[in-house]
Structure formats: C-alpha cells, structure tokens
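Colleague: 373 is the number that our numbering gives the last residue of the sequence shown; the numbers go up by one with no jumps.
Glycine included, every Cβ here is placed at the ideal spot set by N, Cα and C.
Okay, here's the structure, questions in a sec.
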Amino acid sequence: MYLDVSDLHVTYPGRTEAAVQGVSLGLRAGDIGVLIGPSGCGKTTLLRSVAGLERSSAGTIHLAKQLVSGQGVHTPPEARRIGMVFQDYALFPHMTVANNVGFGLAHLKGSAKTARVHEVLELVGLAGSQDRYPHELSGGQQQRVALARALAPQPQLLLLDEPFSNLDVDLRERLAHEVRLILKAANITALLVTHDQLEAFAIGDRIGVMNHGHLHQWDDAYTLYHRPSTRFVADFIGHGVFAPATLTQSGGQTVLSTPLGVLQDIEECPLPSAYAQGECDVLLRADDIVHDDHAPVQAQIMRKSFRGSEFLYTLQLKSGQTVMAHVPSHHDHKLGEWIGIRPEVDHVVTFPRST
Ligand code: ADP
C-alpha cells in the first residue's frame, strides 16, 4: 500500500477517550480515499495525524514505504511532502491566481516556476486565469485554485478536509466529479474528509465510514452500500430500515421470513445457526421494495418526499412495521393510501436482532 495506516490511535491531551481508535486503512498509489461519518467521529483527527499535525499515541503510518509516524518516529508535517486543501481554502486575496498557485514553489525560479503554474492551472481547467484575483472568481473556481496550489509542488499525497462544504449543494456534487477527474489526471493519491455521502460516492475509490473513533468499514461504494459490515454502516448509508426476520432451514435450503414475505435467494446470508433460533434483523432498503398493485402485501403511505424522478415513500404495514420504498414519481399516491408492495432484494443483509 502506498499509504498504510495501521492500528492508529490518537488521544488528545486531557481526554480519556481516544478520538481515533485502532484505525487501519490502505490506499494504493493513485487511489482516492474518502472518510465519512457523523460530526465528531474522528475524521479530521485521522486526516491531521496523516499530515503530521497530530501525534498518534499508538500504531503506525507509512507513506511511500517510509515510516512517518509510530515506533518513536514522528516526521514533521513539512517533511512529509503532503498537500492540503481545507474547507476555508484561504487564498491570499491580494495575490493573483499565479502568485497563489506559485506560493509553494520557492524552490523554482523564473520560467520553470511560470511553467509549473501554467501546467497546474491547465490541469484544474483554469488556463488563462493567472492574472486574475480571487474575488474575481466563483466559489468553485477559487476552490480549484486552492487545489492547483496544493498540487503545484507535486506532493506525495493530497489531503482534503471538507473541501466543498462552503459551496452550494448543486455545485458540490458537480465539483466533486470534476475534482475526481483532476486528481486522476494528476495521478495523485488523495484522502478526503466529508460528511456528505453523495460527495463520497462521486469522488472515492475507497470509502471509510467512521463512528466514535472507529473505522467500521473501508470498501468501494458498491460494497459499502450492498454489503454493509455493521448496522451502523447500513444505517448511515442510503435509506432503509431494519425489520425482524427469521432464518430457517427448509428442504435443505435456507430461507428468510420477513414482514414482506419469505426471501429465498439468499446465498450471501449466514446460516440460521449464526443467530439464536435464526432470529435476526434484515436490512430493507428503499430500493429493495417495489410498488406492485398485484402484490399481496399492502402498506399505507405515511410520508412521501418528491425527489424528481422518484418518490421516497415511508410506508407502514398492518403489523406496524415501517418500510421505505423508492417509487417512480409518476406513481403519485396520496398520504394515507394503501398500496401493494413486494420485496426485490438482490443483496440480503442481516444483523443480530437488536433489543
Ligand atoms: P470529525 O472531523 O469527524 O467531526 P474530529 O476529528 O474533529 O471529528 O473530532 C473527534 C473527537 O476529538 C471529538 O470528540 C472532538 O471533540 C475531539 N477533538 C477534536 N479536536 C480536539 C482537540 N484539539 N482537543 C481535544 N479534543 C479534540
């Protein structure tokens, strides 16, 4: 692994609970990793310890095969050759774009410096903007200048802390796609922190979900969504509910009884013996539930939110169990109406029954 974090712990002075607790993750060269999780879960602390801005209390960090943290080593931030982009990208307002981007290039002189500045401005799609001032640029353009400034000295690793959170929601996802293309074109390894999962999905090759200092899962977006390894991840990513279910063996085959009927095609599930009496909770995502007028199971619409191409319906079964469903938005049913639903679950995910 190009960036290798192993069993990292970070404890702030005067705090009993570590902000980062036993986190391990790896990034291959050129990969983009993203850390998501609720506020206070330790994302920024982890990022800052990779940068060398916080000292770890245990564990190691290797960057490009060099030990930079742990086992008595603490390489100072400036010696790690890491570029950083922050939320408040703090361009120097009185400096031109070229001078902002060239700020970290003191080792280059004259035409070599100018050439590098032009090269990175072109990379971020701002060729020709070198003589402009930050206030003459849009928020998205300013953020790209900040990215160019961080990339200019050819860092070994780029760290980005909530880089889009000052921007409009609409702009954010678009910029996340653009930044992904820029980072890939620059062939740089990057680790980014966000609290926005759409942003994480748009940009990351690997996504890590953190809670209370623990990294619950470190996977690609597809696996994270379809095979969440903990209840927390299942709950944090996407829309869905947990419903009580029972795994049983029937005619040599394992089946899962759920409030929406029996699910049979479940080879990814554990055996019934994994849970006492096979009793577990099944994850039912909004896109696992299909509206079907002919389905035997009826559910009442308790809430609905319009999302353009679809509605997100919150539904209640006769038993009181709540489920959610994404339904194409031309099926505009009224609140209180009963509609037919059936499960269409490609990936059946179960967890121990919560009490
Ligand atoms: P996140 O980036 O996920 O919001 P942080 O890494 O900022 O989380 O914070 C993790 C935990 O560490 C929180 O409980 C926070 O209060 C605590 N913390 C963060 N910075 C400091 C600090 N400088 N001193 C003491 N505690 C801190």
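Just the residues with CB closer than 5 Å to a heavy atom of ligand 1, in chain order, which are they?
Modeller: In chain order, the hits are 30, 37, 57, 58, 59, 60, 61, 62 and 63.
Colleague: Can you tell me whether residue 255 is helix, strand or coil according to DSSP?
Modeller: DSSP places residue 255 in coil when its eight states are reduced to three.
Colleague: Please determine if the region 209-227 and the region 54-66 are in contact, where contact requires at least 3 C-beta pairs separated by less than 8 Å.
Modeller: They touch, by the three-pair rule.
Colleague: Find out if the Cβ-Cβ distance for the pair residue 304, residue 257 is shorter than 8 Å.
Modeller: Yes.
Colleague: Under a three-way DSSP split, which group does residue 50 fall into?
Modeller: DSSP places residue 50 in strand when its eight states are reduced to three.
Colleague: Three or more C-beta pairs under 8 Å: does that hold for the region 182-198 against the region 21-35?
Modeller: Too few Cβ pairs lie closer than 8 Å, so no.
Colleague: How many angstroms separate the CA atom of residue 325 from the CA atom of residue 333?
Modeller: Approximately 16 Å, taken between the alpha carbons.
Colleague: In its own chain, which residues sit with a C-beta less than 6 Å from the C-beta of residue 346, not counting the 5 before and 5 after it?
Modeller: Excluding sequence neighbours, residue 346 sits near 328.
Colleague: With a CB to CB cut of under 6 Å and the five nearest residues on each side skipped, what residues in its chain are close to residue 22?
Modeller: Taken in chain order, the residues that qualify are 44 and 80.
Colleague: Name, in chain order, the residues that DSSP records as bridge partners for residue 328.
Modeller: Looking at the DSSP assignment, residue 328 forms a beta bridge with 346.
Colleague: Given this structure, state the Cα-to-Cα distance separating residue 158 from residue 146, to the nearest angstrom.
Modeller: If you take the alpha carbons of residue 158 and residue 146, they lie about 16 Å apart.
Colleague: Please go through the region 142-228 and give each complete alpha helix (DSSP H) segment of 4 or more residues, from N-terminal end onward.
Modeller: Listed in chain order, they are 157-169, 187-204 and 215-221.
Colleague: Let me know the secondary structure DSSP gives residue 99 once reduced to three states.
Modeller: Reduced to three states, the DSSP call for residue 99 is coil.
Colleague: Give me the Cα-Cα distance between residue 259 and residue 314, rounded to the nearest whole angstrom.
Modeller: Each residue's Cα considered, the two are about 20 Å apart.
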